[in-house]
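A.B. asks:
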Ligand SMILES: Nc1ncnc2c1ncn2[C@@H]1O[C@H](COP(=O)(O)OP(=O)(O)OP(=O)(O)O)[C@@H](O)[C@H]1O
């Protein structure tokens, strides 16, 4: 709870107190107009303590505050308003969610309007300063804060998910961004690849952040559009932000989870993610480089899949209007005609002895260019040593060669699914890889071997809602954190998925590139 009962303002002030020392103190009245109740305020580094006349004391947590502004008020007074989004417990069993709460205080203590405005501004400036999240400084990971004012290019797919992205953006997100001094410029996509082309050709210096209001598919386009630029290395460091407008919203659900929030979907998830954007903290995120036998190179932030899960994902697109429920419908349909997928799966375990890959130095696969056909293995990729050279896949050997000897080759060659995920969530209510983090340098590889019963498969998906599927100890399900993998399907029928988008079925291999891009995250 953000507004809790407390002792008198400043009661726990001073070194060692919960809220820290009192930095500002004043007596104002509640509301912008004259005649409001008197309030004694005390501002500490963590909260604004409010004591009304005889009423309960409240503390507004600055960690919940997205903005604060001062303005002149009637009768030579001034006012300052802070907007907080505290978490309130859900009713009737619904999970706790953030709700808007605006608090305005009228300042009429100076003899003139100018003096009152000066005081109101001093309070609002200090509140804004204290409300900015502390930037963590862990070893080796870089965090940053979006500037204020902040210029955000919002790429929005009006047809994603149930088709409400534009309406939800205007109703839920835009007012929050205005409160947080973030100025959005909305670019509504008109067709597939539109966002890809936009960010590939855009002058990125105009923007402090690229915001995607859509499903994961549009962010996949944005990441690959950035990686196709000659200045990709700088471009991909532009902070990205996902606001859930799609049906799966896996990255949004993962970021919500990493922020320590309860599971949320729909408007609650959108409010949580918009709140995270308003706070403006960003950090590094891993990307996985995928190379296909036909020569494509793609960059993926979420997942690569083959088999049951991918088939459900693609086949259920026609139920997009159902939102997240489309996956439940698709799962039930596909359970009825459970298939086996044949192929060879190999991987480099994440805990393989460091340097093992150097014992037998592979000829790394060429750099290529994002989304383009790779040149033959023996030729050097265009620009491989100059500007535009993409990061080298140093753990991989060309697909025509066997995997290096220190890799593990799965003996079984019949699967129900193979799923490599690098974030925690597969969808807003599917916690597939509870251990995954934005920059853990790992691909969380799951594979389900043939022979599993339909009942067990259903149990696994039900348990995944809480992330307890591995506790079922299903002998057919394997989970291994890896740094690279290769999948060689025996037949080309069917479909694979990258970040939930369809990919032709063919041999694919991938490796993680740690901390390659940046993403807005919770503190
Ligand atoms: N205006 C548009 N018309 C048709 N397709 C579009 C348009 N804009 C983007 N697309 C394409 O729609 C596809 C799906 O988009 P997106 O992933 O954002 O939504 P979704 O599939 O509903 O959500 P999720 O990935 O969460 O299931 C993307 O491949 C994107 O290229």
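In full-length UniProt numbering, the protein residues as written are 1 to 523. Even for Gly, the Cβ is constructed at its ideal location relative to N, Cα and C.
Whole angstroms are fine: how far does the CA of residue 225 sit from the CA of residue 299?
C.D. replies: In a straight line, the C-alpha of residue 299 is about 10 Å away from that of residue 225.
A.B. asks: So what does DSSP say about residue 232, is it helix, strand or coil?
C.D. replies: Three-state result, residue 232: helix.
A.B. asks: So what does DSSP say about residue 16, is it helix, strand or coil?
C.D. replies: With a pLDDT of only 38 at residue 16, under 50, the local geometry of the prediction cannot be trusted, and no value is derived from it.
A.B. asks: If you drop the 5 nearest sequence neighbours on each side, which residues of the same chain put their C-beta closer than 8 Å to that of residue 174?
C.D. replies: Hits under 8 Å: 184.
A.B. asks: Using the C-alpha atoms, what's the distance from residue 454 back to residue 335?
C.D. replies: The straight-line gap from Cα to Cα measures roughly 6 Å.
A.B. asks: Considering only the alpha carbon of each residue, which of 342, 338, 432 lies closest to residue 412?
C.D. replies: If we check each option's Cα against that of residue 412, 342 comes out closest.
A.B. asks: List the residues that DSSP assigns as beta-bridge partners of residue 242.
C.D. replies: Note: residue 242 sits in a beta bridge opposite 212.
A.B. asks: What number of angstroms, rounded off, separates the C-alpha of residue 230 from the C-alpha of residue 327?
C.D. replies: C-alpha separation (whole angstroms): 38 Å.
A.B. asks: Near residue 486, which residues of its chain fall below 6 Å by C-beta distance, leaving aside the five closest residues on each side in sequence?
C.D. replies: Result list for residue 486: 346, 403, 509, in chain order.
A.B. asks: Candidates 504, 512, 255: which alpha carbon is nearest residue 296's?
C.D. replies: Ranking 504, 512, 255 by Cα distance to residue 296 puts 504 first.
A.B. asks: Would you say the beta carbon of residue 193 comes nearer than 7 Å to a heavy atom of ligand 3?
C.D. replies: What this structure holds is ligand 1, not ligand 3.
A.B. asks: Given a threshold of 16 other Cβ atoms within 10 Å of its Cβ, counted over all protein chains shown, does residue 49 qualify as buried or as exposed?
C.D. replies: Residue 49 should be labelled buried.
A.B. asks: Spatial neighbours of residue 316 within its chain, please: C-beta separation below 7 Å, excluding the five flanking residues on both sides.
C.D. replies: Around residue 316: 326, 327, 329, 330.
A.B. asks: At a cut-off of 7 Å, is residue 160 close to ligand 1 when judged by its beta-carbon and the heavy atoms of the ligand?
C.D. replies: Yes; taking the cut-off as 7 Å, the Cβ of residue 160 has a heavy atom of ligand 1 nearer than that.
A.B. asks: Please classify residue 125: does DSSP put it in a helix, a strand, or coil?
C.D. replies: Note: residue 125 maps to helix in three-state DSSP.
A.B. asks: How close, in whole Å, do the beta carbons of residue 168 and residue 248 come, if the pair is a contact with beta carbons under 8 Å?
C.D. replies: That belief does not hold up - the Cβ atoms of residue 168 and residue 248 are roughly 16 Å apart, past 8 Å.
A.B. asks: Going along the chain, which residues of its own chain have a beta-carbon closer than 8 Å to the beta-carbon of residue 66, five neighbours each way excluded?
C.D. replies: Correct list, in chain order: 83, 84, 85, 131, 176, 179, 180, 275, 278, 279.
A.B. asks: Could you check if residue 330 belongs to the surroundings of ligand 1, using beta carbon to heavy atom distance under 7 Å?
C.D. replies: The answer is no for residue 330.
A.B. asks: What I want to know is whether the C-beta of residue 414 ends up closer than 7 Å to one or more non-hydrogen atoms of ligand 1.
C.D. replies: Outside the cutoff, so no.
A.B. asks: In terms of residue numbering, what span does the beta strand (DSSP E) encompassing residue 289 cover?
C.D. replies: Segment 281-292, the beta strand (DSSP E) holding residue 289.
A.B. asks: Based on DSSP bridge pairs, tell me the residues matched to residue 51.
C.D. replies: According to DSSP, which records beta bridges pairwise, residue 51 is partnered with 40.
A.B. asks: With 16 as the cutoff for other CB atoms within 10 Å, does residue 393 come out buried or exposed?
C.D. replies: So residue 393 counts as buried.
A.B. asks: How would you label residue 321, buried or exposed, when you count the other beta carbons within 10 angstroms and need 16 or more for buried?
C.D. replies: Exposed, because fewer than 16 other Cβ atoms sit within 10 Å of the Cβ of residue 321.
A.B. asks: Whether or not the region 68-82 and the region 101-119 are in contact is what I'm after, with contact meaning three or more pairs of Cβ atoms, one per stretch, closer than 8 Å; do they touch?
C.D. replies: Short answer: they touch.
A.B. asks: Which residues share a DSSP beta bridge with residue 32?
C.D. replies: The partner list for residue 32 (beta bridge, DSSP) is empty, contrary to what the question assumes.
A.B. asks: Measure the CB-CB distance between residue 23 and residue 47 and report whether it falls below 8 Å.
C.D. replies: No.
A.B. asks: Between 407, 101, 474, which lies nearest to residue 457 when the distance is taken from Cα to Cα?
C.D. replies: Closest by alpha carbon: 474.
A.B. asks: With 16 as the cutoff for other CB atoms within 10 Å, does residue 216 come out buried or exposed?
C.D. replies: By the neighbour-count rule (16 or more Cβ atoms within 10 Å), residue 216 is buried.
A.B. asks: Quick one, are the C-beta atoms of residue 237 and residue 518 less than 8 Å apart?
C.D. replies: Yes, the pair counts as a contact, with Cβ atoms nearer than the cut-off.
A.B. asks: Using the Cβ count rule (16 or more neighbours within 10 Å means buried), how would you classify residue 155?
C.D. replies: Residue 155 comes out buried.
A.B. asks: In or out: residue 407 buried (at least 16 other Cβ within 10 Å) or exposed?
C.D. replies: Classification of residue 407: buried, given that the 10 Å Cβ count is 16 or more.
A.B. asks: So, helix, strand or coil for residue 24, using DSSP?
C.D. replies: In this structure, residue 24 counts as strand in the three-state DSSP scheme.
A.B. asks: Going by beta carbon distance, what residues of the same chain come within less than 8 Å of residue 20, once the five residues before and after it are set aside?
C.D. replies: Taken in chain order, the residues that qualify are 13, 44, 45, 46.
A.B. asks: For residue 59, count neighbouring Cβ atoms within 10 angstroms of its own Cβ and tell me buried if that reaches 16, exposed if not.
C.D. replies: Counting Cβ neighbours within 10 Å, residue 59 comes out buried, since at least 16 surround it.
A.B. asks: Determine the closest residue to residue 292 out of 511, 57, 441, with distance taken between C-alpha atoms.
C.D. replies: Answer by Cα proximity: 511.
A.B. asks: Tell me which residues share the same chain as residue 38 and place their Cβ nearer than 7 Å to its Cβ, disregarding the 5 neighbours each side in the sequence.
C.D. replies: So the list reads 27, 29, 53, once near-sequence residues are dropped.
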